[in-house]
Amino acid sequence: MRVLELPEHALYAITTNADVATLARCSDETLLEKPVDGDPQWGELPPVTDIAPGGLTISLPGGETTSLELAPGRYELTLLGQEGQPVGVDVSVELGP
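Be aware that the sequence shown starts at 77, since it is given in the numbering used here, and climbs by one per residue.
And the structure:
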């Protein structure tokens, strides 16, 4: 697992050569206000909400670039190889086009 700290609300391009990766908000973040379901300020991966009390997780296909609109904050990126084993791989996170 890697922790990504994103400084601003933006479109981010995430690329990895892992077989599969998952991205979720860090569960230990302190939020100044409770997120409201569907509020665009939280981007495509909001923290814990009424709809997703455990938080949302997005699956990212390996070998492809996935563009996501993400809010500032800390995110957990979990990288998996074949058979669900953690692996050491390359990851690129950049501001999107």
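All C-beta atoms in this analysis are idealised placements derived from N, C-alpha and C, irrespective of residue type, glycine included. Keep in mind it's a predicted model, so treat the numbers as computed, not measured.
Could you have a look at residue i and say whether DSSP puts it in helix, strand or coil?
i, result
"P116", "helix"
"L121", "coil"
Taking the DSSP output, what are the residues bridged to residue i?
i, result
"G139", "Partner(s): none; G139 has no beta bridge."
"E145", "L87"
"A100", "T133, E152"
If distances are taken between C-alpha atoms only, which option among the options comes closest to residue i?
i, options, result
"A147", "R78, L121, T91", "L121"
"Y151", "S143, D104, L87, T92", "D104"
For a quick check, are the C-beta atoms of residue i and residue j less than 7 Å apart?
i, j, result
"A94", "G138", "yes"
"A89", "E145", "no"
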